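Written out below as structure tokens is the structure these notes cover.
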Amino acid sequence: RVKPYYIYQADMALGTGHFRTNVQKGLDLISDLQGHTSGMGVPYFVIDAPGGGGKVRLLPNTVIEHNNKEVIIKNYEGKTFRYQQPVDKSAKKNALISQQPPLADPCRISA
Numbered sequence: 001r002v003k004p005y006y007i008y009q010a011d012m013a014l015g016t017g018h019f020r021t022n023v024q025k026g027l028d029l030i031s032d033l034q035g036h037t038s039g040m041g042v043p044y045f046v047i048d049a050p051g052g053g054g055k056v057r058l059l060p061n062t063v064i065e066h067n068n069k070e071v072i073i074k075n076y077e078g079k080t081f082r083y084q085q086p087v088d089k090s091a092k093k094n095a096l097i098s099q100q101p102p103l104a105d106p107c108r109i110s111a
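FYI, the UniProt record's numbering numbers position 45 of the sequence shown as 45, with every residue one higher than the one before it.
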């Protein structure tokens, strides 16, 4: 068995232009594989960033919008879904503490 690991966008090297395609074609290929092939069968689409930037993984746009409350995502069929962000309990706790009036003398315990 062979696991497809990379779809590698050809480098911008002299004499290799005929190997290069538009990046959108690679993104479309990954999109077409998702949902129709097991996760292990979908390779990474990467570009070796010019100037020693290393390999950068490219993904089809699946996150449409996000904020502290929710993330709107799109699946391989183009359907959108709302995913609720977890509540940040530490932020709530800090807000409650900051709303309490300060003690006049924090070392003094009243009876």
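All residues carry an ideal CB built from backbone N, CA and C; glycine is no exception. Note that the structure is a prediction, hence the values are computed from the model and not measured.
Could you tell me the distance, in whole angstroms, from the CA atom of residue i to the CA atom of residue j?
{"i": "Met40", "j": "Gln9", "result": "20 Å"}
{"i": "Lys74", "j": "Asp11", "result": "30 Å"}
{"i": "Val63", "j": "Val87", "result": "20 Å"}
{"i": "Ile47", "j": "Gly78", "result": "25 Å"}
{"i": "Lys3", "j": "Tyr76", "result": "21 Å"}
{"i": "Thr21", "j": "Asn68", "result": "38 Å"}
{"i": "Gln85", "j": "Gly26", "result": "31 Å"}
{"i": "Tyr6", "j": "Leu58", "result": "11 Å"}
{"i": "Ser31", "j": "His66", "result": "21 Å"}
{"i": "Gln34", "j": "Gln24", "result": "15 Å"}
{"i": "Pro60", "j": "Ser90", "result": "34 Å"}
{"i": "Val42", "j": "Asp28", "result": "12 Å"}
{"i": "Ile72", "j": "Ser38", "result": "23 Å"}
{"i": "Arg1", "j": "Ala49", "result": "30 Å"}
With 16 other CB atoms within 10 Å as the buried threshold, where does residue i fall?
{"i": "Phe45", "result": "buried"}
Select from the options the residue whose C-alpha is nearest the C-alpha of residue i.
{"i": "Arg82", "options": "Ile7, Tyr76, Glu70", "result": "Glu70"}
Original post:
Contact between the region 53–61 and the region 11–20: three or more CB pairs below 8 Å?
Top reply: Because the criterion of three Cβ pairs below 8 Å is not met, the region 53–61 and the region 11–20 do not touch.
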